[in-house]
Structures are given as C-alpha cells and as structure tokens.
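Trainee: Quick one: the structure is below, questions incoming.
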Amino acid sequence: MKLCTAAEMVALDHGAIKTLGIPGTVLMENAGRACCRHFNNRFNALFPGLVLIVCGKGNNGGDGYVMARILAEQGWRVHTLVLAEQEDIKGDARVMLDIVLAMNLDVTFTRDELVVQSLFDQFRPAIVVDAIFGTGLSSCVRGLQEKVIALINDHGAPVLAVDIPSGIDGSNGQVCGCAVRAETTVTFAHAKIGHGSQPGAEYSGQLEVVDIGIPFTQQAKFASQTSLVDLDVASLLMPVRPKSGHKGTFGHALIVAGAPGKSGAAALAGHSASRSGCGLVTVATPASIHDIIEVKLTEAMSVALPATADGSISAQAVAMLEELVVGRSAIAVGPGIGQHEDLGSVLQWLLGHVTVPMVIDADGLNVLSKQIGMLKEATSDAIILTPHPGEMARLSGSSVAEIESNRYEIARDFAVKHNVILLLKGMRTIIAAPDGRIYINSSGCDALASGGSGDVLTGLIAGLVAQGIAAFEAAALGAWLHGRAGQLVAENSSSAGVIATDLITALPTARHELECQRQKRAVSG
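By our numbering, the letter at position 471 of the sequence shown is numbered 452, and the numbering carries on one by one without gaps.
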C-alpha cells in the first residue's frame, strides 16, 4: 500500500480541482458519503443512537457536515458541534454547512469549552465523529481543540475519524501535542504516512481507504516513495522459488557472531538464516565458544576464529575472514560479539573489503557507533543496519526520546546521509533506503519483546539477501516475516512467554502465507 505525505495529497486534490475541473464540493460530497458507508457498516448495531459530529472550521469539517446530513436522513440522531462561529466557515465547507442549516438539523457553534463540556454531559453520544483537523496539521494543538480532544478520548464512545485522527501529523505520524484515539479512520484516495507510522497507526485504529472520485489519470502522477508492507506487498517482495533449485541455488550466508556468554545470539542468527530458505549457512565464532556452537547448530556449518584473552573475536581473525568471505552471497556481523577493542579493526576490514551485502546488528552497531566514519569506506553492494532505538541513539548521537519522537524522518535522513539501508526496529518498523525510499512494516506484536528476537531478524535478513533478493526489499520482507512469525505464535498461545526460538519455528508458516497470497492474486488476475 502506497503512503503519501500531506503535501502530496494536497497536490492530488489541487490537480483534480484546478487542472481537471472537478468541483471541490463534489469531492467533499463523495468523501462524506464514503465515510457514512463505513460508519454504517461499523456501527450498525448502535442504530439509531446519538451521533455527535465534531467539526473544525476547515474542509475536514465540511466532510463532517455531509455526514451529518446523510446520517440524519438515514434515521440516526445527529448533533453537529462546530468549534467556531458560523461566520468563520468558508468555501466548500460553508456550502455543506448551509445545506445542514437549511434542513434545520441540530447544530451548535461555539468557542467555549464549557459549552462543549455541557454537550457531552447532556447528550452522552453513542458514537463520536472526529472532523476537527485534516491531514495538513503540523502545529501543536492548543486551546479549545486540545480540550475537546481530551473530552472525546475520555468520553469512551467509539470514534470514527474523518481522514486522520485530529492531532496526528499526516506526513510522519507524530502527535502534535494531543490527538484523538479513533476506533476506525476513513481516509481518501491514499493512506497517509501518518496512518502507517507510529504513533499515528495506533491512534488511527482500523484504517479504510476510500475512492472519492479523483481520476486515475491524476493519481498516476502520484509517485510516493513510501509503502506500507502488508500481506500483499510482502508477497510481492518474495521471489518465486524455482522448483529445480538446490542448496547452491539459494546462496550461502556467513554469520560472524558470538562471544563468551553470548553463544545463543550466534546460534539464533544461524538457525534463522537456515529457516529463511537460504541454501547454506556458516557461523563464524571465536574459538572460545566454538565447541558450544558446534553442539547448538545442526544444519549450519561453523568456523572457529582466533580469540582475544577474554574470548572475543581477535583482530587476528581478519586473515581467516579474508578466506571465509570468498563465495559467500551475504554476510551478517554483530550478534553477541561484545565490544572488545579488536572488533573495531575486524569491522573496519569487513567494511573496506567485502563487496556482497552485509547486515550489521547488535554489538556490531555499538562498535560502529564509535567509528561511524567507517561507513564512508564501505565497499559492499549494500550495508543494512538494524538498530533498536537505543542503538540508533548511539549511532546518531541523539537521545532515545528524540529518536522515538520522529522515527520516520530520522531513519530516512540517516539512511540518505550515510548511504545505508536502515531498519529502525519497533512497532511499525521503518526500513529506509539511501535513495529516500521507505517501507513501513505492518506486522508484529509484543511477542517480539524477548531477548534474541533481534538476532533472529539479523539471520533472517542475511539469509534472504543471500538468496539474491535485493537488500532493501530483503530487509522489508524480513521485517514482515519476523513480525508475522511473532503474531502466529501469539495467536496459538500468548504473546507473553514467546522466546526467540519460537519465532524461528514459525518462519516457514509465515512464508507459506505469502505464497498463498501470491497464488490467490494470480488466480484473481
């Protein structure tokens, strides 16, 4: 699913109205009607309950006036609350308001917080429609609107948001001071980045994208660089697996991982790479834990690297790595390797000599954060970094709070600046490419909140890249499979108590869902 910015949506609307000559009132009527269809499907069991439609003074409020008229005609008890004076309403929205007034429907105009409070207390609406702000909001919500949003959230009635929950920035999903928490959101023509990324995705609830009559010829000019990775998109990212393939067909991944006390990280990454569909996997660990890894691994091969006095991978390992990287189609480095000073030399050598795609995670990211300039010397076809917010803070020199306050733009800017593919973990994981493209992952749940989950993702992405999938697409596909594996395990038990090994076991089932989706799409044409 393509996601657009608020500015891109404005351009689409402008093109339809100014270039093609479609009246804005026609688009507004279509938008309101589409919202009503979804409203009735969603809330039919509450008919003919009282619907409170809260409108701002702009076009989002205009969509609300259309809904007020149609829902009233259908028999719903409707009261429209306008957070402005009547003379403040202009343009297309005023046209729709005048129709509501001509029909003698119940409307209250106010800028008074006490009047709003009394309306909620008096009517106790069964459903609230949020038509206060549209997707163009980027400034902090204050004053009356802030108080009203708090009332809506505290009231407890289900909320339908028109276009986007008021208070969410449509271009990045951030909360502008406060925001409406909607049960369902109806948006027009295209979903917005604010719907797909956090925390906007959480505030939006169930998202419905509806057609409002913008012709395809106009929409064809829309070239968003951001996509939401859902079941359908993930199935398109996954290549067809040739039936005549053998283990040599599906690549060879090298995993450089592990240190004393962290052999599990190396084993998890190796097992996950094997479950990815990769043909061959080799796990290179320090000699200090090699015997342990030999016991833990069954399908993957293992190699002992020279170790330091404390058991970490030594700088002397470079000579062996020089041979090990030959013939490998992807490399992952970092899970459980620790932070010994020798690791800086090892990572620097890998970055300066490896030409195949390389995934860097966990301790590898912490080592990299101390010498971020190493990325400038990278010879790899693609560098994939997979930080959680804490690691991202160290890489970027920002705080975790700063990272979480603007995940979308920070991930995009870092990827472009350092010429890497950046996978910023978290709910609605963001995958950013050096050319500005963005994938936002839709799968996952709190089942992933367990030690070793990130090691599974590292091995999975390395295994997918090793099979010949382009690095950016492999990172996005890996994020979806990883998240979906967590959901599958949680669906059959509980999200609490899920361990990383459970995720690995569920990966083939998650992949099977994508194969079924692809077949379904082929049958339907």
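All residues carry an ideal CB built from backbone N, CA and C; glycine is no exception.
1. Would you identify the three-state DSSP class for Ala(-13), choosing helix, strand or coil?
2. At which residue ranges does the stretch 145 to 208 contain complete alpha helix (DSSP H) runs of 4 or more residues, listed in the order of the chain?
3. Go to Met301, then tell me how far its alpha helix (DSSP H) extends in each direction, as first and last residue.
4. Leaving aside the five residues before and after Leu132 along the sequence, list all residues of the same chain whose C-beta is less than 8 Å from its C-beta, in chain order.
5. Quick test of the definition: if touching needs 3 or more C-beta pairs under 8 Å, does the stretch 298 to 309 touch the stretch 397 to 414?
6. Classify Leu462 as buried or exposed, calling it buried when 16 or more other Cβ atoms lie within 10 Å of its own Cβ.
7. Specify whether the stretch 175 to 190 and the stretch 60 to 69 touch according to this definition: at least 3 beta carbon pairs, one from each stretch, less than 8 Å apart.
8. Would you verify that the beta carbon of Arg409 is, or is not, closer than 8 Å to some beta carbon of chain C?
9. I'd like the list of long-range same chain contacts for Met408, defined as Cβ closer than 6 Å, with 5 residues on each side in sequence excluded.
10. What whole-angstrom Cβ distance do Gly449 and Asn422 have, given they're in contact under 8 Å?
11. Could you give the C-beta distance for Thr166 and Ile193, rounded to a whole number, given that I count them as a contact under 8 Å?
12. Could you tell me which of His369, Val504, Asp362, Leu(-7) sits nearest to Thr336, measuring between CA atoms?
13. Taking the alpha carbon of Ser216 as the reference point, which residue from Ala460, Leu469, Asn473 has its own alpha carbon closest?
14. Thinking C-alpha only, which one of Arg23, Arg502, Glu164, Phe104 is nearest Val140?
15. Measuring straight from C-alpha to C-alpha, what distance separates Phe169 and Ala12?
16. What residue ranges within the stretch 407 to 468 form continuous alpha helix (DSSP H) runs of no fewer than 4 residues, ordered along the chain?
17. Across the stretch 27 to 42 and the stretch 206 to 223, are there enough close Cβ pairs to call them in contact, namely three or more that are closer than 8 Å?
18. Secondary structure at Ala313, three-state DSSP: helix, strand or coil?
19. With a threshold of 7 Å, establish whether the CB of Glu54 neighbours any heavy atom of the ligand MG.
20. Run through the DSSP bridge pairs and tell me what Ser283 is partnered with.
21. To which residues of the same chain is Ser350 closer than 8 Å at the C-beta, ignoring the five residues directly before and after it?
22. Given a cut-off of 8 Å, decide if Met(-18) and Ala591 are closer than it, judged by their beta-carbon atoms.
23. Rounded to whole angstroms, how far is the Cβ of Leu324 from the Cβ of Ser283, which I believe are closer than 8 Å?
24. Which runs of the beta strand (DSSP E) at least 3 residues long sit entirely within the stretch 341 to 413? Give them in chain order.
25. CA-CA distance, Ile384 and Leu302?
26. Mapping DSSP to helix, strand and coil, what is Arg123?
27. Whose CA, out of Asp111, Val446, Leu356, lies closest to the CA of Phe231?
28. At the level of alpha carbons, what is the spacing between Phe114 and Asn41?
29. Below 8 Å between beta carbons: does that hold for Val264 and Ala281?
30. With a CB to CB cut of under 6 Å and the five nearest residues on each side skipped, what residues in its chain are close to Asp436?
31. For His60, report the span of its alpha helix (DSSP H) as first-last.
32. Here's the rule I'm using: 16 or more other beta-carbon atoms within 10 Å means buried, otherwise exposed. How should Phe90 be labelled?
33. Of all the options Thr116, Val129, Ala290, which has the alpha carbon lying nearest to the alpha carbon of Glu(-11)?
34. Should the stretch -7 to 3 be called in touch with the stretch 74 to 86, which here means at least 3 C-beta pairs below 8 Å?
35. Give the DSSP-derived three-state secondary structure of Cys259 in the structure shown.
36. Can you grab the Cα-Cα spacing for the pair Gly56 / Thr198, in whole Å?
Mentor: The short version:
1. Ala(-13): helix per DSSP, three-state reduction.
2. As far as the stretch 145 to 208 is concerned, its whole alpha helix (DSSP H) runs of at least 4 residues are 174 to 177, 181 to 185, 197 to 200.
3. From DSSP, the alpha helix (DSSP H) with Met301 extends over 299 to 305.
4. So the qualifying residues of the chain are Val97, Gln98, Phe101.
5. Segments in contact, no.
6. It counts as buried.
7. Look at the beta carbons and you see the stretch 175 to 190 not touching the stretch 60 to 69: under three pairs across the two are nearer than 8 Å.
8. No chain C is present in this structure, which holds just one protein chain.
9. Within the same chain, Met408 has close Cβ partners Gln179.
10. Rounded, the Cβ-Cβ distance is 21 Å, inconsistent with contact.
11. Contact between Thr166 and Ile193 is ruled out by a C-beta separation of about 15 Å, above the 8 Å threshold.
12. For Thr336, the closest of His369, Val504, Asp362, Leu(-7) by C-alpha to C-alpha distance is Asp362.
13. Distances from the CA of Ser216 to each of Ala460, Leu469, Asn473 were compared; the closest alpha carbon is that of Ala460.
14. For Val140, the closest of Arg23, Arg502, Glu164, Phe104 by C-alpha to C-alpha distance is Glu164.
15. Each residue's alpha carbon lies about 7 Å from the other.
16. You should have 434 to 447.
17. No, because fewer than three Cβ pairs between the stretch 27 to 42 and the stretch 206 to 223 fall closer than 8 Å, the two stretches do not touch.
18. Strand, per DSSP.
19. You won't find the ligand MG in this model; it holds no ligand whatsoever.
20. When beta bridges are read from the DSSP output, Ser283 appears opposite Val264.
21. Answer for Ser350: Glu372, Arg375, Leu376, listed in chain order.
22. With the chain covering only -18 through 506, there is no way to say anything about residue 591.
23. Leu324 to Ser283, Cβ: 19 Å. No contact.
24. List check, beta strand (DSSP E) in window: 364 to 366, 402 to 405, 411 to 413.
25. Rounded to whole angstroms, Ile384 to Leu302 spans 34 Å at the Cα level.
26. Residue state, collapsed to three classes: coil.
27. Selected option, being the one with the closest Cα: Val446.
28. Whole-angstrom Cα-Cα distance: 6 Å.
29. Going by C-beta atoms, Val264 is nearer than 8 Å to Ala281.
30. So the list reads Ala246, Leu249, Ala250, Pro316, once near-sequence residues are dropped.
31. Here His60 belongs to no alpha helix (DSSP H); instead the beta strand (DSSP E) covers 58 to 63.
32. Phe90 should be labelled buried.
33. If we check each option's Cα against that of Glu(-11), Thr116 comes out closest.
34. By the Cβ test, the stretch -7 to 3 is not in contact with the stretch 74 to 86, since fewer than three Cβ pairs between them sit closer than 8 Å.
35. Note: Cys259 maps to coil in three-state DSSP.
36. It is roughly 38 Å from the alpha-carbon of Gly56 to the alpha-carbon of Thr198.
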